[in-house]
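These notes are about the structure you will find just below.
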Amino acid sequence: EAGVTQFPSHSVIEKGQTVTLRCDPISGHDNLYWYRRVMGKEIKFLLHFVKESKQDESGMPNNRFLAERTGGTYSTLKVQPAELEDSGVYFCASSQWAGANVLTFGAGSRLTVL
Amino acid sequence: EDQVTQSPEALRLQEGESSSLNCSYTVSGLRGLFWYRQDPGKGPEFLFTLYSAGEEKEKERLKATLTKKESFLHITAPKPEDSATYLCAVQAEFSNQFYFGTGTSLTVIP
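Going down the list, the protein sequences come from chains A and B. Residue numbering for the first sequence follows this note's numbering, starting at 1 and increasing by one per position. Residue numbering for the second sequence follows this note's numbering, starting at 1 and increasing by one per position.
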């Protein structure tokens, strides 16, 4: 079974530019989550999709972040325009059920904003 | 506010030297407590889920326990390949979010 795939693995952009991160969850996993780890801090929740619908986006920092999951398959997370404080590692995770279930994480996309 | 605190931040052990990692949590009704292992450059990898106080889970040299306020990850006779960051996370009732601690970075020296 293929795991959760994220790309790019590392992106370096300048402040004000746009970056789009992609996540391919495990096939059949309706629940897809985005998390972020800023250096020195804990992994923090950004949002949760159930199929193509946003179930909870309470963790999204501001309106510069836009997440989509068209067709309920892969998801993208766009940051536009990027700011220095957006630097960190963005993790995607998926699960079959939204309850107390195991999250399978991708390797993460490291974003560096200069 | 739901919160997870892990200690110590870093731990160095000699091979074979047993120890415990702590995860203290505050949550408005616990749905589950999770332990993950993270290796450099990789995403967190699931180890255990604990649901209620008194529960214990074991896997090879690792044993996780749970009380109403904290969880311990006991490492018995660790090997260098156990070196990793160990993350604790909780999921609250009526929420699908996971709240993570900052992790304990474990180094096992041969």
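Beta carbons: idealized from backbone N, C-alpha and C, even for Gly. Predicted model only: the values in this text are computed from it and were never measured.
7 Å Cβ cutoff met for residue i and residue j
{"i": "A:V19", "j": "A:A82", "result": "yes"}
{"i": "A:Y33", "j": "A:H48", "result": "yes"}
{"i": "B:D2", "j": "B:A92", "result": "yes"}
{"i": "A:G106", "j": "B:G43", "result": "yes"}
{"i": "A:V89", "j": "A:R110", "result": "yes"}
{"i": "B:L33", "j": "B:S71", "result": "yes"}
{"i": "B:L66", "j": "B:L50", "result": "yes"}
{"i": "A:D30", "j": "A:T5", "result": "no"}
{"i": "B:V4", "j": "B:Y36", "result": "no"}
{"i": "B:A53", "j": "B:K63", "result": "no"}
{"i": "B:Q14", "j": "B:T104", "result": "no"}
{"i": "B:P80", "j": "B:P40", "result": "no"}
{"i": "B:V90", "j": "B:Y99", "result": "yes"}
{"i": "B:F46", "j": "A:V102", "result": "yes"}
{"i": "B:L30", "j": "B:L106", "result": "no"}
{"i": "A:I26", "j": "A:S94", "result": "yes"}
One or two residues paired with residue i in a DSSP bridge
{"i": "B:E56", "result": "B:T65"}
{"i": "A:K78", "result": "A:T20 and A:L66"}
{"i": "B:Y36", "result": "B:F46 and B:L87"}
{"i": "A:K54", "result": "A:F49"}
{"i": "A:G88", "result": "A:L111"}
{"i": "B:A92", "result": "B:L30"}
{"i": "A:I13", "result": "A:V113"}
{"i": "A:A93", "result": "A:Y33 and A:F105"}
{"i": "A:T5", "result": "A:D24"}
{"i": "B:E152", "result": "Nothing about residue 152 of chain B can be reported from this structure: the residues present for chain B run from 1 to 110 only."}
{"i": "B:Y99", "result": "B:V90"}
Contact belief for residue i with residue j at Cβ below 8 Å, rounded distance in angstroms
{"i": "A:E42", "j": "B:T102", "result": "5 Å"}
{"i": "A:V12", "j": "A:T104", "result": "Wrong, their Cβ atoms sit about 27 Å apart, outside the cutoff."}
{"i": "A:L46", "j": "A:G59", "result": "4 Å"}
{"i": "B:L118", "j": "B:S18", "result": "Nothing about residue 118 of chain B can be read from this structure; chain B reaches only from 1 to 110."}
{"i": "A:G28", "j": "A:Q96", "result": "7 Å"}
{"i": "A:R22", "j": "A:F91", "result": "That pair is no contact at about 13 Å."}
{"i": "A:K44", "j": "A:L114", "result": "About 22 Å separates the two Cβ atoms, so there is no contact after all."}
> What are the residues of the region 47-60 of chain A that lie near chain B, defined by any Cβ-Cβ distance shorter than 9 Å?
Replying inline: H48, V50, Q55, D56, S58 and G59
> Between the region 69-78 of chain A and the region 50-58 of chain A, do at least 3 Cβ pairs fall closer than 8 Å?
Replying inline: yes
> Which residues, in chain order, does the region 13-47 of chain A contribute to contact with chain B at a C-beta distance below 9 Å?
Replying inline: N31, Y33, Y35, R37, G40, K41, E42, I43, K44 and F45
> When Cβ atoms are compared, which residues of the region 70-96 of chain A fall closer than 7 Å to chain B?
Replying inline: F91
> Taking a cut of 8 Å between CB atoms, which residues from the region 38-71 of chain B lie near chain A?
Replying inline: G41, K42, G43, P44, E45, F46, T49 and Y51
> Any residues in the region 82-106 of chain B with a beta carbon nearer than 9 Å to a beta carbon of chain A? Which ones, in chain order?
Replying inline: L87, A89, Q91, S95, N96, Q97, F98, Y99, F100, G101, T102 and G103
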